[in-house]
Every structure is written in structure tokens, then in C-alpha cells.
Amino acid sequence: MNLRLQSFLINSQKREHISLVIDEFGAVRGIVTLEDIIETLLGLEIVDETDTVVDLQVLAKKRRKQYLKDVD
């Protein structure tokens, strides 16, 4: 992927804190937020008043385990 941080930061100055990630074929591969970049740089999970859980990855893994247990 060829998403340049500089382009994202320019969008951030325009108060656009979310961008689409597009691959070399023009397909949308995902989204990235300013929060994602800051969390990656700091190595911390940013939790604010709107978050219902501290770490969504931990919650997703827990729910997947429970789902797989229920299926068996």
C-alpha cells in the first residue's frame, strides 16, 4: 500500500481525522484514523468518554471464543 502519512496529516489539518486506505488497484482496503496513528506511535490504547470497552481487540477475541464454544 502506498498511503503517505504526509497526505493524512494534511487532511488532519482540515479536521478530517479519518481516511480511506486504497490499494494500487483502486480497491478500498480499510480506514485509518488519527487516533489509530497516535495509538501506534505511542504504543498505548487511547480511551475516552465515548469508549464502552478499553480494548476492542480483547473484546472481539473473547466474543469469538464464546461463539466457538457455543457452536461446539
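Quick note: the sequence shown uses the numbering used here, first residue 946, plus one each step. Every residue, glycine too, gets a C-beta built ideally from N, C-alpha and C. Quick caveat: nothing in here was measured; it's all calculated off a predicted structure.
What is the rounded straight-line gap between the Cα of residue i and the Cα of residue j?
{"i": "A1005", "j": "D968", "result": "26 Å"}
{"i": "R1009", "j": "E961", "result": "33 Å"}
{"i": "V1016", "j": "D981", "result": "33 Å"}
{"i": "L986", "j": "G971", "result": "27 Å"}
{"i": "K1007", "j": "K959", "result": "37 Å"}
{"i": "L1013", "j": "V1003", "result": "15 Å"}
Keeping to the same chain, check which residues put their C-beta closer than 8 Å to that of residue i; ignore five residues upstream and five downstream.
{"i": "D1000", "result": "E990"}
Just reading off the beta strand (DSSP E) that residue i is part of, what are its end residues?
{"i": "I991", "result": "Neither: I991 is in no beta strand (DSSP E) and is coded neither H nor E."}
{"i": "R974", "result": "973–978"}
{"i": "V966", "result": "963–967"}
Along the alpha helix (DSSP H) that carries residue i, what are the first and last residues, could you check?
{"i": "R1009", "result": "1001–1016"}
Between the options, which lies nearest to residue i when the distance is taken from Cα to Cα?
{"i": "R974", "options": "Q1011, D996, V966", "result": "V966"}
Once the 5 residues before and after residue i are set aside, which same chain residues still bring their CB inside 7 Å of it?
{"i": "T978", "result": "H962, I963"}
{"i": "I983", "result": "I991"}
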